[in-house]
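S.K.:
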Amino acid sequence: MKIDRLQSFLGLPHKLDHNICLYSPRVSEIVEAGEVDYLVYLLLTSFNKEKILQNLFNLSEAEMETLAPYPDYEVLTEHPAIRAHICQAFSFFTKVEVTFDHINHAFNANGHVFIHRDNYRDLSCIVDELNGIDRKEDSLRFKNNKAREIFDKLSKLRAKQKKTTNDALEFKDILSILCHAEGNGLNIFNIQQLTIYQVYEHFERLNLKESHNRILPVWANGHLKENDKLPEWIVKTKM
517 MKIDRLQSFL GLPHKLDHNI CLYSPRVSEI VEAGEVDYLV YLLLTSFNKE
567 KILQNLFNLS EAEMETLAPY PDYEVLTEHP AIRAHICQAF SFFTKVEVTF
617 DHINHAFNAN GHVFIHRDNY RDLSCIVDEL NGIDRKEDSL RFKNNKAREI
667 FDKLSKLRAK QKKTTNDALE FKDILSILCH AEGNGLNIFN IQQLTIYQVY
717 EHFERLNLKE SHNRILPVWA NGHLKENDKL PEWIVKTKM
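In our numbering, the protein residues as written are 517 to 755.
#1: From I536 to N564, what distance separates their C-alpha atoms?
#2: CB of F719 to nearest heavy atom of the ligand PLP: below 6 angstroms?
#3: Suppose only complete runs of 4+ residues qualify. What are the alpha helix (DSSP H) ranges in the segment 564–646, listed by chain order?
#4: Quick check: the segment 701–718 against the segment 568–583, are at least 3 beta-carbon pairs closer than 8 angstroms?
#5: Can the beta-carbon of H530 be found less than 7 angstroms from the beta-carbon of I546?
#6: Can you tell me whether K531 is helix, strand or coil according to DSSP?
#7: Taking 7 angstroms as the cut-off, decide whether the C-beta atoms of V556 and F609 are in contact.
#8: Would you report the Cα separation of V715 and P596, rounded to the nearest angstrom?
#9: Which term fits V591, buried or exposed, when burial requires 16 or more other beta carbons within 10 angstroms of its beta carbon?
#10: Report buried or exposed for Y586, applying the criterion of at least 16 other Cβ atoms within 10 angstroms of its Cβ.
#11: How far does the alpha helix (DSSP H) with R521 in it reach, from first residue to last?
#12: Please list the terminal residues of the continuous alpha helix (DSSP H) segment that includes A684.
#13: Tell me the DSSP secondary structure of S711 in three-state form.
#14: K745: which of K754, H728, V751 sits nearest, CA to CA?
#15: Could you tell me the distance, in whole angstroms, from the CA atom of A549 to the CA atom of P541?
#16: So is V552 buried or exposed if we call it buried at 16+ other beta carbons inside 10 Å?
#17: Do the CB positions of A697 and L724 come within less than 7 angstroms of each other?
#18: Restricting to Cα atoms, I'd like to know which of D533, D650, T593 is closest to F623.
#19: Taking Q523 as the reference, give the member of L538, D533, Y554 with the closest Cα.
#20: Please report how far the alpha carbon of N706 lies from the alpha carbon of I690, in whole angstroms.
#21: So what does DSSP say about L656, is it helix, strand or coil?
#22: Look at the alpha carbon of L656 and the alpha carbon of L702, and state the distance between them as a whole number of angstroms.
#23: Going by other Cβ atoms of all chains shown within 10 Å of its Cβ, with 16 needed for buried, is E579 buried or exposed?
Next up, the structure:
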């Protein structure tokens with residue numbers, strides 16, 4: 517299941533059955549909810565039991581080992597508190613109340629079954645796409661504990677490097693850059709109306725155009741290396 521890129525670009529929601537929609541939240545909505553809570557909502561909608569239980573509920577590696585054989589959905593819907601948090605997270609992205617149906621063992625919205633054990637991965641991916649998230653690393657499976665240990669160490673090193681890098685862009689910085697980019701009509705008074713999908717898509721296009729403009733004078737003066745090419749900006753974006 518994929519989102520409609522044109523609809524998302526225009527700030528429209530992804531429509532599901534029974535008038536249920538998944539929204540890419542606007543900047544103003546993220547600010548109102550709180551950026552930290554927004555990130556927690558994204559984590560909860562991932563249905564990744566390891567990241568959720570370790571990062572939010574502080575389960576140990578030993579405790580996670582006992583849960584490893586069981587599907588993520590079954591583990592996360594077993595405990596009432598976790599179910600309640602997942603309901604809150606999906607309520608944020610649907611703009612309707614999401615509840616848990618004990619009979620069908622599913623999440624309901626608008627009086628209909630919304631999320632169940634057969635579609636939760638698909639809906640999680642839609643939320644990811646609407647929020648500009650790539651969770652490729654989450655789908656990794658390890659042949660043994662040693663492989664996982666090495667991957668975890670590398671992940672921690674990458675995270676540490678990001679924290680110590682002064683030029684790492686935060687969400688606020690991306691918004692500021694878009695406000696100061698020429699010709700797009702964005703400023704601090706209207707940028708809050710953009711959805712998070714629009715923010716990341718526009719920022720990606722801006723980067724493509726900036727790369728083109730920086731190299732253009734070098735190319736025009738014939739100083740570009742033989743194997744180098746002028747970057748195109750009129751191309752398909754990843755978003």
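The beta carbon of each residue, even a glycine, is placed where N, CA and C say it ideally should be. All values reported here derive from a predicted model rather than from experimental measurement.
M.R.: Let's see:
#1: Residue mapping note: residue 536 aligns to position 20 of the sequence shown, counting from 1. Residue mapping note: residue 564 aligns to position 48 of the sequence shown, counting from 1. Roughly 23 angstroms between the two C-alpha positions.
#2: This structure lacks the ligand PLP; in fact it carries no ligand of any kind.
#3: 565–571, 577–583, 588–592, 596–610, 636–646
#4: no
#5: Translated into the one-based positions of the sequence shown, residue 530 becomes position 14. Translated into the one-based positions of the sequence shown, residue 546 becomes position 30. It is not a contact, given that the beta carbons lie outside the stated cut-off.
#6: The residue labelled residue 531 in the question sits at position 15 within the sequence shown. Strand at K531.
#7: Position 40 of the sequence shown, counted from the first residue, corresponds to residue 556. Position 93 of the sequence shown, counted from the first residue, corresponds to residue 609. Against a cut-off of 7 angstroms, the Cβ pair of F609 and V556 comes out as no contact.
#8: Walking along the sequence shown from the start, residue 715 turns up at place 199. Walking along the sequence shown from the start, residue 596 turns up at place 80. Taking the CA atoms as reference points, V715 sits about 35 angstroms from P596.
#9: Against the sequence shown, residue 591 aligns to sequence position 75. Label assigned to V591: buried.
#10: For the purposes of this step, residue 586 is taken as residue 70 along the sequence shown, with counting starting at 1. With fewer than 16 other beta carbons inside 10 angstroms of its own, Y586 counts as exposed.
#11: As a working mapping, residue 521 is identified with position 5 in the sequence shown. Segment 521–525, the alpha helix (DSSP H) holding R521.
#12: Indexing the sequence shown from 1 puts residue 684 at position 168. Unbroken run through A684: none, as it is neither H nor E.
#13: On the sequence shown, residue 711 is found 195 positions in, with the first residue counted as 1. Before going further, note that residue 711 is Thr rather than Ser in the sequence given. DSSP, read as helix, strand or coil, puts T711 in strand.
#14: Residue numbering aside, residue 745 sits at position 229 when the sequence shown is read from its first letter. It is H728.
#15: Along the sequence shown, read from residue 1 onward, the residue named residue 549 stands at position 33. Along the sequence shown, read from residue 1 onward, the residue named residue 541 stands at position 25. Answer to the nearest angstrom: the Cα atoms are 10 angstroms apart.
#16: Translated into positions along the sequence shown, residue 552 becomes position 36. Exposed, because fewer than 16 other Cβ atoms sit within 10 Å of the Cβ of V552.
#17: By one-based count along the sequence shown, residue 697 stands at place 181. By one-based count along the sequence shown, residue 724 stands at place 208. No.
#18: Mapped onto the sequence shown, residue 623 falls at position 107. Closest option to F623, Cα to Cα, is T593.
#19: The residue you call residue 523 lines up with position 7 of the sequence shown. Among L538, D533, Y554, the Cα nearest to that of Q523 belongs to L538.
#20: Taking the sequence shown and counting its residues from 1, one reaches residue 706 at position 190. Taking the sequence shown and counting its residues from 1, one reaches residue 690 at position 174. Using only the alpha carbons, I get a separation of about 15 angstroms.
#21: Position 140 of the sequence shown, counted from the start, is the residue given in the question as residue 656. Annotation note: pLDDT 48 at L656 (below 50); position unreliable, coordinate value reported separately. Coil at L656, not helix or strand.
#22: For this step, residue 656 is matched to residue 140 along the sequence shown. For this step, residue 702 is matched to residue 186 along the sequence shown. Note that L656 scores 48 on pLDDT, short of 50, meaning its location in the model is unreliable and no value can be drawn from it.
#23: For the purposes of this step, residue 579 is taken as residue 63 along the sequence shown, with counting starting at 1. With fewer than 16 other Cβ atoms within 10 Å, it is exposed.
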